[in-house]
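Written below as structure tokens is the structure these notes are about.
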Amino acid sequence: MAFSMYDACVPVCAQVMTTLDAILDKAHAQAAAHKLEESAFLQARLFPDMFTMARQVRQATDFARYAPGRLGGVALPDFPATDGADFAALKERVAGSLAFIRSVPAAAIEGTEDKDVVWMQGTNQRSMKGRAYLLHFCLPNLFFHATTAYDLLRHNGVELGKRDFMGTF
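The opening residue of the sequence shown carries number 57 in the working numbering; numbering runs sequentially from there.
See the structure below:
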């Protein structure tokens, strides 16, 4: 069976966005039930020089959009920064990312294994072939930031388990 760039990209990114949405719901519900400020979860970080939980979600949504957008040659939607946001803003960002991911047609992504993907990272131009971009850059970054958001919530008392992270597939 041939490797499918679409199957390695869109369903995986969509699953992670669905998972983030569900764990944000649990965190929000727990904050409300225990009368905690949302910022207790949103501004949590593992170490002072690391991103906050809200920024981890932002990064995860960015990488989830970058993969299908850049591979498929589709303009990336612009979302405002949500680093100091509330749960509602983060959920809106996740929902917008999920809608975008699902809107990219399979035909736009299939066959992009050898496509030159070029993007700016800060002031530096980067480039990779499509398959390497997806498998060695976007997906690892997506999983890193989603896992870190999950871990921050779990560390701060949100009742989450592995099934919450894995989601449905």
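All C-beta atoms, glycine included, are put in the ideal place defined by N, C-alpha and C.
Around the C-beta of T138, 16 or more other C-beta atoms lie within 10 Å, and the residue is accordingly described as buried. Judged by DSSP in its simplified three-state form, V72 adopts helix.
Residue state for S60 is assigned as coil, using DSSP reduced to three classes.
Runs of the beta strand (DSSP E) lying entirely within the segment 142-218 and spanning at least 3 residues, in chain order: 172-177 and 180-185.
Taking C-beta atoms as the reference points, L198 and V66 fail to come closer than 9 Å.
In the DSSP assignment, D134 falls outside any alpha helix (DSSP H), carrying neither H nor E.
Annotation for R126: the continuous alpha helix (DSSP H) segment containing it runs M109 to G128. Between M109 and A100, the C-beta spacing is below 9 Å. Taken atom to atom, the span from the alpha-carbon of V72 to that of M176 is near 24 Å. Boundaries of the alpha helix (DSSP H) around L98: S95 to L98. Between F97 and V214, the CB-CB gap stays under 9 Å. In the structure shown, the three-state DSSP call for H84 is helix. With a contact defined as Cβ atoms closer than 8 Å, G128 and A151 miss out at about 20 Å. Straight across, the Cα-Cα distance linking Q112 with S153 is about 14 Å.
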